[in-house]
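Participant:
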Amino acid sequence: MSRYFDALETRSGDQRAHDLAVALPQQIARAKALPGYAAALAEIDPMTVKNVAALKNLPVLRKSLLGNAQANLSPLGGYADLTRAGITHVFQSPGPVYEPGSSCNDWFRFGRVLHAAGIGQNDILHNCFSYHLTPAGIMFESGARAVGAKILPAGIGQTELQVRAAVDIGTTAYAGTPDYLKVILDKAEEMGENLKITRASVGGGALFPSLRQEYADRGILCLQGYGTADLGSIGYESEAMDGMIIDEGVIVEIVTPGTGNPVKPGDVGEVVVTTLNPDYPLIRFATGDLSALLPGQSPCGRTNIRIRGWMGRADQTAKIKGMFVRPEQVAALVARHDEVSKARVVATRDGEMDVMTVRIESTAGDFGGYGKTVAETLKLKGVVEIVTPGSLPNDGIVIEDQRKYE
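Start counting the sequence shown at 313; every next residue gets the next number (our numbering).
The following block contains the structure:
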């Protein structure tokens, strides 16, 4: 297995700048030709946008704007052309927001992520990302094909059957949320089975240091990737485990949250991404995630810039058990019951697992039906606590993340 996925990972600074000066104007021109960008980019000459510094003159695209555009022009709001041969799928994220995608040619660029984790043609990948509506399952499946690995399309749930399949097939690598691998390993111990998994590529939530160490103690190298349904892979860890290396198919800026203004090098800000994918040219797409640039390059020899990794949200949105929970979902929960005046979601950890507690101000007392509403509106099961009206803080916070990421 070669050390690097391809020659792009070790380009010199001069070569990287030259390649970007060619690719970026072409991508701006593709975006400008789409109706979604017609007004925002009307005055922009693509040939004047040849480097990262020039991007600051372009507007930031936020997911809320994308969702509004899709509501008026179904299904993709004019930000992608579904007649392109490269697009084979349409996915749905909470909102709902729809994203184009493909299972072909490593469209989401996760082959690079898996290769960096040491996963290749001698592996069988136990893929525990969902294959339903959201693209995560196909992201890692197409990445596995790019590195020559075989795939067990396991998805989520039915843990005993997952263990049985892992034993019978002999899966050697794992892809999924950080927490769920522990669920599978613990179930295997309970069943008296030994798994052959020695490599893991995780995402969809924070990989806490204590959990990474637990996997290491079990003989599993666990590295994390960072991506979104809209953009595909954004960054990934190598075995150096020294920050996340930015993917070769995107451009990352760190800006002051709520603006498009770059922060000083090393300062924490919002991750804004421009993708070079010709099928879906998102320009300065605001992820809502917080991070910071790291100085220098990775000890592993890859030369692209690095970020510290996921450091929380610029808004109140939180990712719990691999799923985003948004303020508007909490508002929908309150609206379902006339006797409920306020609700607050609290994210914590119990050992190595995420816990979601939903505190509900209600005049109905201990009403048992709230658990069903929580599952329907937040798309997750959680602990429900009924509190008296007026007892929740009047601080504007509806999602409180108490987890520690360092």
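Backbone N, C-alpha and C define an ideal beta-carbon position, used for all residues, glycine too.
Pick out the complete beta strand (DSSP E) segments inside the region 499–532, 3 residues or longer, and give them in chain order.
Facilitator: Taking only runs of at least 3 residues, the beta strand (DSSP E) segments lying wholly in the region 499–532 are 511–514.
Participant: Along the beta strand (DSSP E) that carries H438, what are the first and last residues, could you check?
Facilitator: 436–439 is the span of the beta strand (DSSP E), which, as asked, contains H438.
Participant: In whole angstroms, give me the CA-to-CA distance for D650 and P701.
Facilitator: Roughly 13 Å separates the two Cα atoms.
Participant: Is S454 helix, strand or coil by DSSP?
Facilitator: In this structure, S454 counts as helix in the three-state DSSP scheme.
Participant: Report the start-end ranges of each beta strand (DSSP E) in the region 465–496 that is 3 residues or longer and not cut off at the edges.
Facilitator: Qualifying beta strand (DSSP E) stretches, in chain order: 485–488.
Participant: May I ask which residues mark the beginning and end of the alpha helix (DSSP H) holding E688?
Facilitator: Its alpha helix (DSSP H) spans residues 682–690.
Participant: Answer yes or no: do F520 and A487 have a C-beta to C-beta separation smaller than 9 Å?
Facilitator: No, the pair does not count as a contact, with Cβ atoms beyond the cut-off.
Participant: Thinking C-beta only, is T484 closer than 9 Å to D435?
Facilitator: Yes.
Participant: Using a threshold of 9 Å, state whether the C-beta atoms of T395 and T615 are closer than that.
Facilitator: Against a cut-off of 9 Å, the Cβ pair of T615 and T395 comes out as no contact.
Participant: Give the straight-line distance between the Cα atoms of E640 and I698, rounded to the nearest whole angstrom.
Facilitator: Their Cα atoms are separated by approximately 20 Å.
Participant: Could you tell me whether the region 432–446 touches the region 669–684, where touching means 3 or more Cβ pairs closer than 8 Å?
Facilitator: Verdict: no, contact absent.
Participant: Please tell me whether R625 and D713 are closer than 9 Å, where the distance is taken between their beta carbons.
Facilitator: Contact: yes.
Participant: Below 9 Å between beta carbons: does that hold for L464 and A478?
Facilitator: Yes, the Cβ-Cβ distance between L464 and A478 is below 9 Å.
Participant: Nearest CA to the CA of K368: which residue from L704, I672, V564?
Facilitator: Comparing Cα positions, the closest option is V564.
Participant: Helix or strand or just coil, what does DSSP make of Q714?
Facilitator: Looking at Q714 - three-state DSSP - the assignment turns out to be coil, as it is neither helix nor strand.
Participant: Kindly indicate which three-state DSSP category H427 falls into: helix, strand or coil?
Facilitator: In this structure, H427 counts as helix in the three-state DSSP scheme.
Participant: Exposed or buried, A687, counting other C-beta atoms within 10 Å across all chains shown (16 or more means buried)?
Facilitator: By the neighbour-count rule (16 or more Cβ atoms within 10 Å), A687 is not buried but exposed.
Participant: Tell me whether V564 sits in a helix, a strand or coil according to DSSP, three-state version.
Facilitator: Three-state result, V564: strand.
Participant: Does the CB of N573 have a neighbour CB from chain C at under 9 Å?
Facilitator: The structure shown contains no chain C; it holds only a single protein chain.
Participant: In angstroms with no decimal places, state the Cα-to-Cα distance between R511 and L533.
Facilitator: Approximately 5 Å, taken between the alpha carbons.
Participant: Going residue by residue through the region 574–659, where are the continuous beta strand (DSSP E) segments of at least 3 residues, counting only ones entirely within it?
Facilitator: Counting whole runs of 3 or more residues, the region 574–659 contains the beta strand (DSSP E) stretches 581–587, 597–603, 630–632, 635–637.
Participant: When the Cα atoms are used, what is the spatial distance from A343 to K375?
Facilitator: Near 16 Å, if we compare the C-alpha coordinates of K375 and A343.
Participant: Is the beta carbon of R648 sitting closer than 9 Å to the one on T689?
Facilitator: Yes.
Participant: On the CB-based measure, 16 or more other CB atoms within 10 Å of its CB, does H438 come out buried or exposed?
Facilitator: H438 comes out buried.
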